[in-house]
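Some notes on the structure that comes next.
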Amino acid sequence: MRHRVAHRKLGRVTEHRIALLRNQATALLRHEAISTTVPKAKELRPYVERLITIAKRGVAGGATNGRVLHARRLVLQDIVDQDVVGKLFDTIAPRFESRPGGYTRLLRLGHRRGDSADMARVELVGSEFDPKVKAEAEAKRDADRARSKRGVSDRLRAAASRVRGKKADGDEGDKPKKKAAPKREPKAKAEKKASAANTSKKGATRQKKGTGDK
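Following our numbering from start to finish, the sequence shown increments by one per residue and tops out at 214.
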């Protein structure tokens with residue numbers, strides 16, 4: 001007979017399995033959506049829904065109801081985080097006040113890369129999954145990576161363009177003007193001038209010698 005074989009063992013001993021479910025339930029109530037494997041997600045759903053039902057019974061009669069403290073103590077046996085318990089009683093339980101069960105939803109995400117494990121997303125009803133948010137986040141991350149992986153030449157070009165832009169924006173009137181270089185004459189004209197100067201010097205020396213002899 002198949003007595004006491006209910007639920008999935010998840011390849012863990014009892015203490016480890018209970019700790020796993022408590023941690024996942026805390027994360028689900030805090031973030032209202034988590035991703036995990038399909039077997040864990042199927043075990044997590046009834047575990048979390050039982051806690052939500054206890055919280056609903058506690059807040060059913062309002063704050064004056066004497067069962068609120070008892071319900072909180074029952075939930076605190078599984079959820080240790082006081083902030084998560086406060087959110088469960090203040091926000092989540094009133095949200096499902098008129099809903100007779102089925103507080104969670106399971107969405108299959110396909111196989112995980114690496115070990116090909118079948119993945120699923122568990123979320124509270126009212127916290128619907130928006131695929132556009134993930135696509136936009138991935139596109140932004142890819143753009144940031146492409147911007148950070150630019151080569152050295154691209155960075156040098158960008159720096160040079162910035163420097164050029166600063167020079168163009170600056171005032172060029174304050175800078176001292178460079179002296180214009182003297183124009184060079186053609187070689188033939190220079191030779192003619194040199195020869196004319198030599199002949200004039202020779203004539204002057206001859207005249208001086210003639211006046212000295214007299």
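A virtual CB, placed ideally from N, CA and C, is assigned to each residue, including glycine.
Contact under 8 Å by Cβ, residue i with residue j
i	j	result
Ala55	Ala71	yes
Tyr48	Leu74	Per the sequence shown, the amino acid found at residue 48 is Val instead of Tyr. It is not a contact, given that the beta carbons lie outside the stated cut-off.
Asp118	Thr37	yes
Ser35	Leu124	no
Leu107	Arg121	yes
Leu10	Arg17	yes
Gln24	Leu44	yes
Leu76	Val85	yes
Span of the alpha helix (DSSP H) around residue i
i	result
Ile54	38 to 58
Arg30	14 to 31
Residue i - containing beta strand (DSSP E), residue span
i	result
Asp81	Segment: none, Asp81 is in no beta strand (DSSP E) and carries neither H nor E.
Ala120	118 to 124
Gly61	Segment: none, Gly61 is in no beta strand (DSSP E) and carries neither H nor E.
Arg113	Where Arg113 is concerned, there is no enclosing beta strand (DSSP E), given that its DSSP letter is neither H nor E.
Assumed close pair residue i, residue j - CB separation to whole angstroms, cut-off 8 Å
i	j	result
Arg22	Ile79	7 Å
Asp90	Thr26	That pair is no contact at about 16 Å.
Arg12	Leu20	7 Å
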